[in-house]
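If you read the sequence shown in full-length UniProt numbering, its first letter stands for residue 1, the second for the next number, and so on. The structure appears right after this line, and notes come after that.
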Amino acid sequence: MTALSCPELRLIDGFYDAAESAQIYQLLHGQDWPENRYIVAGRQFILPRLQTWHADPGIRYSYSNNLLETRSWTPLLLKIRVQIEAFLQVSFNSVLVNLYRNGEDYVGWHCDNEAELGEQPLIASLTFGATRPLQFRHKQTGQRGQVLLPSGSLLVMQPNFQHHWLHSIPPEPNLMTGRINLTFRNVVPVSEKIDA
Numbered sequence: 001m002t003a004l005s006c007p008e009l010r011l012i013d014g015f016y017d018a019a020e021s022a023q024i025y026q027l028l029h030g031q032d033w034p035e036n037r038y039i040v041a042g043r044q045f046i047l048p049r050l051q052t053w054h055a056d057p058g059i060r061y062s063y064s065n066n067l068l069e070t071r072s073w074t075p076l077l078l079k080i081r082v083q084i085e086a087f088l089q090v091s092f093n094s095v096l097v098n099l100y101r102n103g104e105d106y107v108g109w110h111c112d113n114e115a116e117l118g119e120q121p122l123i124a125s126l127t128f129g130a131t132r133p134l135q136f137r138h139k140q141t142g143q144r145g146q147v148l149l150p151s152g153s154l155l156v157m158q159p160n161f162q163h164h165w166l167h168s169i170p171p172e173p174n175l176m177t178g179r180i181n182l183t184f185r186n187v188v189p190v191s192e193k194i195d196a
């Protein structure tokens, strides 16, 4: 199965051209990256990538019961956000920035279905740097596919993608170059969750 036969994925190749993509990669790579350690069930693990979380005031997000430290929007991330929102005609209030330092960094099988993302999460995923495959696997049938994500590409995960599919970025031990991925999300504010 390929991404083209998965209606819940939409790939826009060349959303940023090669020169813009290289510049954005360098600027993001130079930011301050925190330690990549987290705790699950009382045990400490090392996250196999580096990440930062940026959001509007009052927006909090956690996964695997780990609350991410919220950082302010940088001018660069705000500029990218405005461009993505204008293109998709969708509003986002947060972005998760992941640095895959080389092919040994990865993300395992998962779906972005945390309660904070609401019932129908639309996620816009930007790639800068090395081309890596996003693999996906249907939750019920086990059917598999993958899509290559080149630098400057925008992948739109439609809301039903998280309901029906798991996805991952697998390790590539021979890859020496890095990749930075931005996943724009709309998180339900804490106050709205309490009032609901």
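Virtual Cβ for every residue (Gly too), placed ideally from N, Cα, C.
**Asked** Between Cys111 and Gln162, what straight-line distance do the alpha-carbon atoms span, to the nearest angstrom?
**Response** Those two C-alpha atoms are separated by around 5 Å.
**Asked** What number of angstroms, rounded off, separates the C-alpha of Met176 from the C-alpha of Pro170?
**Response** Straight-line measurement puts the Cα of Pro170 at about 14 Å from the Cα of Met176.
**Contacting residues, own chain, Cβ-Cβ under 6 Å from Met157 (five flanking each side not counted)** = Excluding sequence neighbours, Met157 sits near Ile123.
**Beta-bridge partners of Leu9, as assigned by DSSP** = Beta-bridge partners of Leu9 (DSSP): Met157.
**Item:** Expected contact under 8 Å - CB spacing of Leu155 and Leu28 to nearest Å
**Value:** Incorrect: roughly 17 Å between the Cβ atoms, too far for contact.
**Asked** Do Phe136 and Cys6 have their C-beta atoms within less than 8 Å of each other?
**Response** Note that the C-beta distance between Phe136 and Cys6 is below 8 Å.
**Prompt:** Among Ser153, Tyr25, Pro48 and Phe92, which has the Cα closest to the Cα of Asp56?
**Reply:** In terms of Cα proximity to Asp56, the closest of Ser153, Tyr25, Pro48 and Phe92 is Phe92.
**Beta-carbon proximity list for Leu76, same chain, < 8 Å, skipping 5 on both sides** = For Leu76, where only same-chain residues beyond five positions count, the Cβ hits under 8 Å are Ile24, Leu27 and Leu28.
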